[in-house]
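**Student:** In the working numbering, the protein residues as written are 5 to 282.
No residue lacks a Cβ here, since even glycine has one placed at the ideal position from N, Cα and C.
Have a look at this one:
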């Protein structure tokens, strides 16, 4: 999420863009085609509504070890996998490509029913037929979201309300129960993506202290998440692929480090090898 300083908000110099008539006509035509496609999509949904919730599992089916809808999804996935492995000739591979194209078309159809893709129209010029009359900073997604009345993300964008940014009740409660110091460190490092050096300078602490706090927070949250997912799995609840990967990775580390186990993500790349100078 981009933030503007007070000077940038007041400064409109350079924010007015000069457009020639051809560019304005092209943009207006693209926006008109987009509105027409949106209207056709709404009419199609009104005449032939599709119940996508029928494909989803309810709470009882999700908690059950076996579900008919889950089995159907697994059967379709297994069929595609076997089709890929059995492909040998050019005709077979064309059949595999056509199957994947079919899946992509179904996915795009579901997306169109919820949102209309913009195509080549730039996002920052949404519904702005004459952008030269409006400063460029007023076209940012944050400002447009605020003007549209979608201000919850902005209200909750602080260390003490960030637990409301997630719809998962367990994660929300887990973050809310952190101490104020841990909330502040987690907020600036994870949401604002501050570096430990920058946050240390802002808090008047050393970089080493901030990294130690980050490790403590990660260790606490990961342990709670691990216990929660283990309990969910024992009661027959289904886990997402990401949750299963977390359980597997955390279990390996826990066997070696015990209670001090923590998955560290800060060093994502290997260090470069120093070249031997002649």
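Three or more C-beta pairs under 8 Å: does that hold for the segment 226 to 244 against the segment 190 to 210?
**Tutor:** no
**Student:** May I have the straight-line CA-CA distance separating residue 213 from residue 204, to the nearest angstrom?
**Tutor:** Approximately 8 Å, taken between the alpha carbons.
**Student:** Terminal residues of the continuous alpha helix (DSSP H) containing residue 234?
**Tutor:** For residue 234, the uninterrupted alpha helix (DSSP H) run begins and ends at 211 to 238, by DSSP.
**Student:** Is it right to say residue 40 is buried, meaning 16 or more other beta carbons lie within 10 angstroms of its own, or is it exposed?
**Tutor:** By the neighbour-count rule (16 or more Cβ atoms within 10 Å), residue 40 is not buried but exposed.
**Student:** Indicate whether the contact test is met: 3 or more Cβ pairs, each with one atom in the segment 180 to 199 and one in the segment 154 to 167, closer than 8 Å.
**Tutor:** yes
**Student:** With the cut-off set at 8 Å, would you say residue 68 and residue 240 are in Cβ contact?
**Tutor:** Taking 8 Å as the cut-off, the Cβ atoms of residue 68 and residue 240 count as close.
**Student:** What three-state label does DSSP hand residue 128 in the structure shown?
**Tutor:** Bear in mind that the predicted position of residue 128 carries a pLDDT of just 42, short of 50, making it too unreliable to give a figure here.
**Student:** With H, G and I counted as helix, E and B as strand and the rest as coil, what does DSSP make of residue 191?
**Tutor:** Residue 191: helix per DSSP, three-state reduction.
**Student:** Between which two residues does the alpha helix (DSSP H) carrying residue 73 extend?
**Tutor:** Residue 73 -> alpha helix (DSSP H) spans 72 to 90.
**Student:** Where does residue 202 sit, in a helix, a strand or coil, going by DSSP?
**Tutor:** Of the three classes helix, strand and coil, the one that applies to residue 202 here is helix, per DSSP.
**Student:** Excluding the 5 residues preceding and the 5 following residue 200 in the sequence, name in chain order all residues of the same chain whose CB lies nearer than 6 Å to its CB.
**Tutor:** 211, 214 and 215
**Student:** Check whether the Cβ of residue 111 sits closer than 7 Å to any heavy atom of the ligand GTP, and report yes or no.
**Tutor:** The model depicted lacks the ligand GTP and carries no ligand whatsoever.
**Student:** Can you tell me whether residue 97 is buried or exposed, with buried defined as 16 or more other CB within 10 angstroms of its CB?
**Tutor:** exposed
**Student:** Throw me the rounded Cβ distance for the residue 158 and residue 169 pair, which I believe falls under 8 Å.
**Tutor:** Not confirmed; about 11 Å, so no contact.
**Student:** How about residue 71 and residue 63: are their beta carbons less than 8 Å apart?
**Tutor:** Cβ distance not < 8 Å, so residue 71 and residue 63 don't count as in contact.
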